[in-house]
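Report on one structure; see the data block that follows.
Protein chains: 2
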Amino acid sequence: MSSKKLKIIPIGGLGEVGKNMMVYEYDGSILIVDTGMMFPENDMLGIDYIIPDFEYVRKRKDMVRGIVFTHGHMDHIGAVSHIVEEISAPLYATPLTRGLIEVKLSEDRLLSKVNLNTIHAGDCFNVGPFKVEAFHVCHSIPDTVGLGISSPAGLVVHASDYKFDPTPVDGWPTDFAKLADFSGRGVLALLADSTNADQPGWTPSEKELDTALDKIFQTAPGRIIIASFASLVSRMKQVAKAAERYGRKMAFVGYSMCQNSEMAHKLGYLNIPDDVLVDLNEALSMKPRDVVLMATGSQGEPYSIMGRLSRGTNRRFDLLEDDTVVLSSHTIPGNEESVYQTINRLFQRGANVVYAPLSHIHVSGHAKQDEMKLMINLVNPKYLIPVHGELRHLKQHAILAAEAGFPAENIAAVENGQVLEFEDGEMTIGERIPGGYVFVDGARVGDIGPSVVREREALAQDGVVMISLVLNHKGQLQTDPEIVSRGFVYKHGDSDIMDETQKKVIDLVKKTKGGIHEQVVKSVRSFLYSKTKKRPVVLVTLSWV
Amino acid sequence: MSSKKLKIIPIGGLGEVGKNMMVYEYDGSILIVDTGMMFPENDMLGIDYIIPDFEYVRKRKDMVRGIVFTHGHMDHIGAVSHIVEEISAPLYATPLTRGLIEVKLSEDRLLSKVNLNTIHAGDCFNVGPFKVEAFHVCHSIPDTVGLGISSPAGLVVHASDYKFDPTPVDGWPTDFAKLADFSGRGVLALLADSTNADQPGWTPSEKELDTALDKIFQTAPGRIIIASFASLVSRMKQVAKAAERYGRKMAFVGYSMCQNSEMAHKLGYLNIPDDVLVDLNEALSMKPRDVVLMATGSQGEPYSIMGRLSRGTNRRFDLLEDDTVVLSSHTIPGNEESVYQTINRLFQRGANVVYAPLSHIHVSGHAKQDEMKLMINLVNPKYLIPVHGELRHLKQHAILAAEAGFPAENIAAVENGQVLEFEDGEMTIGERIPGGYVFVDGARVGDIGPSVVREREALAQDGVVMISLVLNHKGQLQTDPEIVSRGFVYKHGDSDIMDETQKKVIDLVKKTKGGIHEQVVKSVRSFLYSKTKKRPVVLVTLSWV
Chain A
5 MSSKKLKIIP IGGLGEVGKN MMVYEYDGSI LIVDTGMMFP ENDMLGIDYI
55 IPDFEYVRKR KDMVRGIVFT HGHMDHIGAV SHIVEEISAP LYATPLTRGL
105 IEVKLSEDRL LSKVNLNTIH AGDCFNVGPF KVEAFHVCHS IPDTVGLGIS
155 SPAGLVVHAS DYKFDPTPVD GWPTDFAKLA DFSGRGVLAL LADSTNADQP
205 GWTPSEKELD TALDKIFQTA PGRIIIASFA SLVSRMKQVA KAAERYGRKM
255 AFVGYSMCQN SEMAHKLGYL NIPDDVLVDL NEALSMKPRD VVLMATGSQG
305 EPYSIMGRLS RGTNRRFDLL EDDTVVLSSH TIPGNEESVY QTINRLFQRG
355 ANVVYAPLSH IHVSGHAKQD EMKLMINLVN PKYLIPVHGE LRHLKQHAIL
405 AAEAGFPAEN IAAVENGQVL EFEDGEMTIG ERIPGGYVFV DGARVGDIGP
455 SVVREREALA QDGVVMISLV LNHKGQLQTD PEIVSRGFVY KHGDSDIMDE
505 TQKKVIDLVK KTKGGIHEQV VKSVRSFLYS KTKKRPVVLV TLSWV
Chain B
5 MSSKKLKIIP IGGLGEVGKN MMVYEYDGSI LIVDTGMMFP ENDMLGIDYI
55 IPDFEYVRKR KDMVRGIVFT HGHMDHIGAV SHIVEEISAP LYATPLTRGL
105 IEVKLSEDRL LSKVNLNTIH AGDCFNVGPF KVEAFHVCHS IPDTVGLGIS
155 SPAGLVVHAS DYKFDPTPVD GWPTDFAKLA DFSGRGVLAL LADSTNADQP
205 GWTPSEKELD TALDKIFQTA PGRIIIASFA SLVSRMKQVA KAAERYGRKM
255 AFVGYSMCQN SEMAHKLGYL NIPDDVLVDL NEALSMKPRD VVLMATGSQG
305 EPYSIMGRLS RGTNRRFDLL EDDTVVLSSH TIPGNEESVY QTINRLFQRG
355 ANVVYAPLSH IHVSGHAKQD EMKLMINLVN PKYLIPVHGE LRHLKQHAIL
405 AAEAGFPAEN IAAVENGQVL EFEDGEMTIG ERIPGGYVFV DGARVGDIGP
455 SVVREREALA QDGVVMISLV LNHKGQLQTD PEIVSRGFVY KHGDSDIMDE
505 TQKKVIDLVK KTKGGIHEQV VKSVRSFLYS KTKKRPVVLV TLSWV
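Here the protein sequences come in this chain order: A and B.
When we follow our numbering, the leftmost residue of the first sequence carries the number 5, and every step to the right adds one.
When we follow our numbering, the leftmost residue of the second sequence carries the number 5, and every step to the right adds one.
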C-alpha cells in the first residue's frame, strides 16, 4: 500500500559534514540524490572511511528508480560502489561527475554492472514519478548542478553545494533564470547548503585568487609548488594561466592530480596550451625558476606528495632551497595539526611556505551568509530545509533565514534519519529512522562499531599488557606466567614492574580458588595503576594442560 | 673555566607552542626565564602533558642563580614542580603569578621547599651577574611582565607574551616609557612573541568585547553561560560589569574558575560588587533571565563543565531550553573537532550557542603583525630572536621584520636547543644541544618515548591479537592455542576468523622446527591481512611445560 505523501529522508549530510545522501519517496517510488562518504574524525581510531547507513533503501531496493548526482566530490559520490553493489537502478550524472564516478567504479570492478546516464545542466528527465530538472550552479568543481524535483506533491528545489560566483573561472555563473522560473511556478521546499552558515558576507570570486597568484609568481626565486585538492579543476586552470603569464612551464605531480587533470582535459573542462604543460621529468630537468608544479597534500596527509616532501621521503624529487610552496586550499576541521606540522617541516627544509591567512590563496566553494539569504529570496520556497553541515551550521542557517523574515515555523533544521512528510502543501515532521555511521575499515564494511573504536581508544591511551597462564586441572601453575606488553612503558623489559607483576600473579593463583581469570585481571590492573598511575588493557589467557 | 660570553639557550618555546623555558648563561651563572608545560598533540596518544627537556640545566644545577616568571599561564609556569624538584634556586614572580605558582606547588606538596620572592613591574633586582628590570606588558592575564636582562655582554629585552592594548580592562597599558628607555640605552637583542605572526593588523582591545557582550545580554531570553579559560581574569571582570549593567547576578562554576576568581579577588585584580556576585546554589534558584554563569570548557574538554552540560552529565545542574551558551575564547589548534562536537551537542539539547566567528566574543592575548613591527621599532635592538611559536610563526616574524627594514642577517629564527652566543656585541650561532619533548604520563616522567607512542599508534590503528602457545620440550603443542583480541573485529568471538587462525597456528607449529615465535607472528599477520586488510599488532607467548 503506497502513500501519496512526498517523503524527504536525509540519510546523510544533515547534522554532520561530508557524507551526503538524500531520499525522495513518492507513491512507492524512490529517487536518491548523491551517495557520499566522509573521512573519519580524529577520535575514530583506525577507521578508513565512513558511508551512510542506507538500511532504509536497502530494505526498499525494488522501489529505487534512480540515483542522481549533483557533482563529483567524494562527499557526494564516494559511497557509490557500496550502494550499487546492493541496489540496481540507473545512475544520472553530468560528464565530469560521470567521469569521476567511472574511476571509482572501475577501481572497485563494478563499472560493467551499472547503467550510467549522462545528463547536462538544463536537461529535464523523469525518474519514476519524479520530474528532475538539472540546473547549473557554481561550486569548486565544474559541472555541478542543482535539481528541481517535481512530483504531484509539489516542486522541491535541491540546491546542493553552490555559491554565486559572479566571475567564475569557467565563465559559467549559477543559473539565476532557472531559480526565478522555479520561484514563478511556486516552490514547496528548498534544500540548500549550510556549510558556511557561520561566515558573514559573500564568498569571494575565484577570480580574486589571480592577484595572490600574481604576487607569488612575480617574487618566487625558484620553483613554485602548489598544493591543492585533485578535484579543484578551476585552480588547475588558474595556475596554468598564471604560468602562461609569467613564462613558466607547469607539471602535475602524483596519480590523482595527473588522472583528474587528464580527464578534465579530455572532457573539455581544462584547456592548457601545449607549450605550457610539460611532464614531471621535463620539469625537473629545467631551471627551477621556469617551473610550477601542482600536487596534492594540502591537508598534511603523510603519504601525499607534500607530506613526503616535508619529510624528505619523496621518490622522484626533493625540495630545493629556494622553493616556494603554496597551500591553496582551506584546512578541513580536524586536520589543522597535521597541516601545521607539514608547514613547519617544509620551513625546516628551507622552503618558503605561503598559506592562509598569509595570502588569499584559496576561496571557498560554498555560499556564505548573504548568498544563502539571496538563494532563499530567489527561490521563495514555502519551507526551508537546511542541508550539508554540522548541526551548528543547520541551526545558523535557520537563524539567518528567520532574520531575513522567513517564518521560523516553516524551517526544519533536523538531523539525519528525520523523515519529513509533505501532503496538501503542508510539511509535517515524521518518524525518526535509525541512521548514522557505517565504518569502513580494511576489507570489512560495517562490522567495526563504536565498541571496537572504544577498545582502540583504551589501547591507545595506556597500551596493553598480556599475561599467559598455564594451569593443571587443580588450577596450579605449570610454569611461570609469560608477560608481554606494548605501548605501556618505555622499554618492553621494564623489568622491575614486569617481575613484580609476575610474582604478584604467582601468589594470587596459589591463593585463588575459581574465578582465576577475573581475579588476575582485577589484581594486575590495580597493581599497575598503583605503580604507574596508568590503566593499560590487561589481557589474560588460561591454558589448561 | 667559565666564558665571558653571554649564551641564550632556548630550552622550550621555539619551534613549538606552549612550553616556554629560556636559559641565560654568563660567567658560570644561569638565569632561567619561565618553566612551561604543553598539552599533547592529537598524535601523542595517551600522554598527559609535556615538559621541556631541561637536561642542560640539570647538569649545571649549581650554576642556576634564579628562575624568573613573566606571567601565570600554564605554558610559562606549568613545569615548575618538575624543575624545583631538581634545582634549588630562588623563584621570582609578580603577585598573581606567584599565587598561581603556589597553587601548583601546593598540589605537588613542594611549596615548603622553595624560596619564592614577589616582584612588581618596575622593580629592578639582581640574579647572579644579571640585572633584571621587570616592566608591565598587556596580555590575557593580569600582572604580566617583560624583562630587561643586563649583563656585561649587554642589555637583552625579553618581551615574552605581550600585546599593545590601548584600553586594557585593568586600565594598565604596556610600559612604552620603559621600552623607550631601553632603546636609549642600546639593546643588544630583543626576544619577542611570535604567536600571531601570521595575523595581519593589530589585536583589538579587550574593550571591544563589551559591544558583543551587550548584544548578548540584551537579547538572551534565559540564562547566559559563558565558557572561557580559568586564567582569563579580565574576561571575568568584563562579564561582571555586563551583569551589573543589565541587572543580572553572576556565579562562577567549577573548581578552577572559583579558585582563580577568589585569588584574583583577594589580590585585588578582580573587584566584583557584592550585590552582583552570588554562589552557584543561589544562582540556580533564581529566575533564569536574572543569571549569568561563568565556567571552563571552552576547548571542548569532555570532563569540563561545558563538556558535561553538552552530554547531560553535569552533577549540579542541566541545560535549560532558553540558555545562551557563549564560547569566549579562541580554539587551540588541534581542539577544533572536540569544540565543534561540543557546540553541536549543546544545540541538540536546545541551547543557543554563540561562538566565533558568529560574534566578536574573544580577542587574542598576543600582538599581531603591526604590533610586532612597533615593538621592534620601539626597542630598536641590534639582533632579533623570534620566540614563542611554531617554526612557521618564527619564520614569519623574521619575514615581517625584514619587510620593516630590519637586517635579515641579524635575525635568528632558530629552534629549541640552538645556543646563541653574544661576545663583543656580536651574535654567533653556537652548538645545538639535545632538546625536545619529555612526555609525562601517569606517575612516570620521561620514560614514555616516541617508541611507546608509536606502539600505541599501531594498537589504535587495528587493535591487538594475542596468541598463547603451550609447548613441550620437543616444540609440540600441549593444548589448543588460546587467542584473544581487542579493537580488531566487531565481536571478540568473530568465530570464523579466530577459528581459522587457530587451525593455521596448529598446522604451523606441527611443521615448524625452531623459530616458532617469529614464524607464528609472521604467518598470523599475513593471514589476518589477507582476510581483513587490517594489520593488528600480533603478540605471541610461548610457555614451555
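Where a beta carbon is used, it is the ideal one built from N, C-alpha and C, also for glycine.
Could you tell me the boundaries of the alpha helix (DSSP H) in which residue 374 of chain B lies?
373-383
Compute the Euclidean distance between the alpha carbons of residue 140 of chain B and residue 164 of chain B, then round it to the nearest angstrom.
11 Å
Candidates B:180, B:31, B:136, B:75: closest to residue 104 of chain B by CA position:
B:75
When burial is assigned at 16 or more other CB atoms within 10 Å of the CB, is residue 338 of chain A buried or exposed?
buried
What would DSSP say about residue 172 of chain B, mapped onto helix, strand or coil?
coil
Cβ closer than 8 Å: which chain C residues qualify as neighbours of residue 548 of chain B?
Structure shown: chain C not included; protein chains present are A and B.
Let me make sure I understand the geometry here. Which of A:42, A:48, A:8, A:379 has the alpha-carbon closest to that of residue 455 of chain A?
A:48
Can you look up residue 213 of chain A in the DSSP assignment and give me helix, strand or coil?
helix
Contact between the segment 144-164 of chain A and the segment 12-28 of chain A: three or more CB pairs below 8 Å?
yes
Distance, Cα to Cα, residue 315 of chain B vs residue 60 of chain A?
28 Å
Classify residue 128 of chain B: buried if its beta carbon has 16 or more other beta carbons within 10 angstroms, exposed otherwise.
exposed
Does the segment 15-26 of chain B come within contact of the segment 72-91 of chain B, defined as at least 3 CB pairs closer than 8 Å?
yes
How would you label residue 202 of chain B, buried or exposed, when you count the other beta carbons within 10 angstroms and need 16 or more for buried?
buried
Residues of the segment 344-373 of chain B with a CB closer than 9 Å to any CB of chain A: list them in chain order, please.
344, 345, 347, 348, 349, 350, 351, 352, 356, 357, 359, 360, 361, 362
Short of 7 Å in beta carbon distance, which residues of its chain neighbour residue 69 of chain A, apart from the five on each side in sequence? Order them along the chain.
33, 34, 35, 93, 131, 132
One or two residues paired with residue 281 of chain A in a DSSP bridge
A:254
Please name the residue, chosen from A:493, A:441, A:491, A:500, that lies closest to residue 19 of chain A on a Cα-to-Cα basis.
A:441
Do we get a CB-CB distance below 8 Å when we pair residue 216 of chain B with the residues of chain A?
no
Stretch pair the segment 302-309 of chain B + the segment 262-280 of chain B: three plus CB contacts closer than 8 Å:
no
Cutoff 8 Å: residue 537 of chain B Cβ touching any chain A Cβ
yes
DSSP three-state label for residue 483 of chain B, please.
coil
Does the beta carbon of residue 497 of chain B sit closer than 8 Å to a beta carbon anywhere in chain A?
Below a pLDDT of 50, predicted positions are generally treated as unreliable, and residue 497 of chain B, at 48, falls in that range; the measurement from the model is reported next regardless. For residue 497 of chain B, the answer is no, since every Cβ of chain A falls outside 8 Å of its Cβ.
Suppose you measure from the CA of residue 416 of chain A to the CA of residue 380 of chain A; what does that come to, to the nearest Å?
14 Å
CB contact below 8 Å: residue 478 of chain A versus chain B
no
In DSSP terms, what residue 328 of chain A is bridged to:
A:228, A:356
Taking residue 226 of chain B as the query, report the chain A residues whose CB atoms sit under 9 Å from its CB, ordered along the chain.
Per Cβ cutoff of 9 Å: no residues; residue 226 of chain B is ~16 Å from chain A at best.
Only counting runs of 3 or more residues, tell me where the beta strand (DSSP E) segments fall wholly within the segment 104-130 of chain B, in order along the chain.
120-122
Which residue's Cα is closest to the Cα of residue 38 of chain A: A:50, A:53, A:97, A:52?
A:97
Same chain only: Cβ atoms within 8 Å of residue 303 of chain A, ignoring 5 sequence neighbours per side:
333, 335, 336, 339, 342, 343
Does the distance from the C-beta atom of residue 159 of chain A to that of residue 189 of chain A stay below 8 Å?
yes
Contact with chain A by residue 425 of chain B, beta-carbon distance below 8 Å
no
Neighbouring residues, chain B, relative to residue 45 of chain A (Cβ below 7 Å)
341
For the segment 166-175 of chain A against the segment 224-242 of chain A, are there 3 or more C-beta pairs whose distance is under 8 Å?
yes
Residues, ordered as in the chain, of the segment 452-466 of chain A that lie near chain B by beta-carbon distance below 9 Å
452, 453, 455, 456, 457, 458, 459, 460, 461, 462, 463, 464, 465, 466
Let me know if residue 465 of chain B comes out buried or exposed under the rule of 16 or more other beta-carbons within 10 Å of its beta-carbon.
buried
Name, please, each residue of chain A whose Cβ falls closer than 9 Å to the Cβ of residue 136 of chain B.
Under the 9 Å cutoff, chain A gives no residues; its nearest Cβ is about 32 Å from residue 136 of chain B.
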